[in-house]
Amino acid sequence: MSAAAAGAPAPRRDWRTALREQRQAALRRDWQATLRRHWLATALLLAGLILRILTQFAYRPALLYIDSVKYLYNAWPGTDPVGYKVPLAVILFFGDVSTVAAIQHLLGLAMAATLYLLLIRRSCPRWLAAVAIAPVLLDAYQLQMEQTIMPDVWFEALIVAGLAALLWRPRPGLRLVMAAGLILGSSATLRQVGEILVLPAGAYVVIVAAGWRLRAGHAAALCGAFALPILVYSGISLLQNGHFQLSHSGTSELYGRMAADADCATLKLPAYQRPLCPTPRQRALGPDSLEHSAASPLKDYAAPAGLERTKVISGFNHAVLLQQPLRIIGGISRDAAKLFALTRFTSPGDTPITRWQFQNGYPTYGATIRVSSQHVLLIGIQLTANGGISHVRPMAASMGGKAAVAAPLAALLRSYQLDGGFTPGPLLALAAIAGLIGSASLAIPWRRRRAAPAGHQDTRPGKQASAVGRPAALACFLFFTAAVAVLLASDIFEFSWRYQLPALITLPPAGALGISIIAGRLRRRGGSNQADADRGQVPELTAPSR
451 MSAAAAGAPA
461 PRRDWRTALR
471 EQRQAALRRD
481 WQATLRRHWL
491 ATALLLAGLI
501 LRILTQFAYR
511 PALLYIDSVK
521 YLYNAWPGTD
531 PVGYKVPLAV
541 ILFFGDVSTV
551 AAIQHLLGLA
561 MAATLYLLLI
571 RRSCPRWLAA
581 VAIAPVLLDA
591 YQLQMEQTIM
601 PDVWFEALIV
611 AGLAALLWRP
621 RPGLRLVMAA
631 GLILGSSATL
641 RQVGEILVLP
651 AGAYVVIVAA
661 GWRLRAGHAA
671 ALCGAFALPI
681 LVYSGISLLQ
691 NGHFQLSHSG
701 TSELYGRMAA
711 DADCATLKLP
721 AYQRPLCPTP
731 RQRALGPDSL
741 EHSAASPLKD
751 YAAPAGLERT
761 KVISGFNHAV
771 LLQQPLRIIG
781 GISRDAAKLF
791 ALTRFTSPGD
801 TPITRWQFQN
811 GYPTYGATIR
821 VSSQHVLLIG
831 IQLTANGGIS
841 HVRPMAASMG
851 GKAAVAAPLA
861 ALLRSYQLDG
871 GFTPGPLLAL
881 AAIAGLIGSA
891 SLAIPWRRRR
901 AAPAGHQDTR
911 PGKQASAVGR
921 PAALACFLFF
931 TAAVAVLLAS
941 DIFEFSWRYQ
951 LPALITLPPA
961 GALGISIIAG
971 RLRRRGGSNQ
981 ADADRGQVPE
991 LTAPSR
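In the working numbering, the protein residues as written are 451 to 996.
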């Protein structure tokens, strides 16, 4: 090397390069600081991701259930809303059913992240917000449903998205209100029980708006936007199936509940409705089988000449409800209480819980879902609501084709699920109680925080609690009432652990907000007592003498 070269000054870096490096270093520092602040939520999201990867590889291409045939092959037209076919068709255009399962797993993670952000924005402590998203991330029943070609995960995702639209700002504007209405209304095209969500959303909009004109306008906008996707779906259904409604199975679904809880010995019915009364043996089938089983009196019932079958069944349902309301309320209450039990169990007549549990092999369902000796999935197609299997079709290779199970992973997931990998009922009960208390706190006046002098921030616990209490209480109210509405509406028809999954995205957030509100109230009271002590005032503990 020459002396000139050795003594030459180092080339000057371009200022753009230096600026880019500074920005990258600052970005790394920001990410590191964010991860440190939210380390518990990050760890839970990572655990949820690992569990979902294991599930994706354990059962390929995806899990199928009896009702999956409705969405993949148009079986039983008109029996249930089939809005799930829209995202299903889009995804299957680019991939197969394993792609659907992968996207549903991503939805599970996205729901957890969204809920965490909402709770943080409503001043919930980071650790408590992280605990609130643990159920949706780690519950094995949630994982199993995400791996299954069913609409439930999309239904949950629309609930979270609709609630997020309402809660993202302290007072949502007209656009957010309408967006929430469209999203929540769309959930009813996936599961008809979503229709009930207009009640908690409407109540929230009325409470949070300022002034009666704004309340009336936002409530009307929400209801109109909510109804729009339902009306569009019903119009399409009219053209395709001849009925302007989400489904035509509501009467038979309600029959299962009414027949299971009715006391036919004391029930006053017209003679032509009497055959709908189940025998004690038939009653033991439970609501689900009383609707679907061939042993149900519903299957062989023929209405007299001149009477419409659905109207006769509806008349039976009304008679039971009007004459024996306490029996119906008792049956619904017993089913609703199962969510809070220590273990996951089913009563005689309930939909078997094994349908929502991981199996060591690929699960099959009689003639509807089978696996051939060459591991090809065979699908039994039933094209009419009351008919049998009309033909069997092998699943096309482009849709996933063959079934495969990674036995070690399947055994691991099954053991995890059966040995405690689910949200304990007492934890959900605690969340429900805290959510109820937090929602009820809206009726207690919150002391308005006085403006602090310029440059001064009042950090007293009581003042901070009063500043954030009402927004947290409003969010708690929305989560709690949404949970009560969708869970109770499902239990009215029948109990199934599948229908309890929305509890994972509503009750824990409500409970976390409720606990933070209760803690804030206690801090506020403690701060007031401390302020009295600083001024030399002793709180009076006994009644004054007269």
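All residues carry an ideal CB built from backbone N, CA and C; glycine is no exception.
Asked	Found
Closest Cα partner of PHE676 within the set PRO650, PHE543, GLN690 and PRO775	PRO650
Which residues DSSP lists as bridging PRO844, in chain order	LEU828
Under the three-state DSSP convention, the category THR529 falls into	coil
Contacting residues, own chain, Cβ-Cβ under 8 Å from LEU892 (five flanking each side not counted)	ILE657, ARG920, ALA923, LEU924 and PHE927
Three CB pairs or more closer than 8 Å across the region 808-824 and the region 513-528	yes
Alpha carbon of ASP800 to alpha carbon of ALA786, nearest angstrom	13 Å
Any alpha helix (DSSP H) of 4 or more consecutive residues that is wholly inside the region 625-707	648-658 and 662-691
Nearest to GLY674 (by Cα), restricted to the options ASP713, VAL532 and ILE633	ILE633
Cβ shell of LEU559 (< 8 Å), same chain only, five flanking positions each side left out	LEU495, GLY498, LEU499, ARG502 and LEU587
C-beta contact flag for ALA932 and LEU647 at 8 Å	yes
Residue interval of the alpha helix (DSSP H) (run including ILE819)	Note, ILE819: premise wrong, no alpha helix (DSSP H); beta strand (DSSP E) at 819-821.
Coarse secondary structure for ARG619, derived from DSSP in three states	coil
The region 543-557 in contact with the region 572-592 per 3-pair CB rule at 8 Å	no
Check whether LEU757 and SER746 have beta carbons under 8 Å apart	no
Reference ALA659, options ALA582, ARG975, ARG971 and GLY623, closest by Cα	GLY623
Residue environment, GLN474, which counts as buried when at least 16 other CB atoms sit within 10 Å	exposed
Sequence ranges, alpha helix (DSSP H) only - wholly within the region 714-739, length at least 4	730-733
Minimum length 3: unbroken beta strand (DSSP E) runs contained in the region 788-812	none
Distance, GLY533 Cα to GLY851 Cα	24 Å
Candidates ARG665, THR716 and ASN810, of which the one nearest TYR866 by Cα	ASN810
Touching by the beta-carbon criterion (3+ pairs, under 8 Å), the region 635-643 and the region 677-690	yes
8 Å CB neighbourhood of ALA654 in its chain, flanking five on each side removed	Correcting the residue identity first, residue 654 is Tyr in this sequence and not Ala. Excluding sequence neighbours, TYR654 sits near LEU616, LEU924, PHE927, LEU928 and THR931.
Distance between ARG777 and LEU726 (C-alpha atoms, nearest Å)	18 Å
Same chain, Cβ closer than 7 Å to PRO620, neighbours up to 5 away in sequence not counted	PRO921
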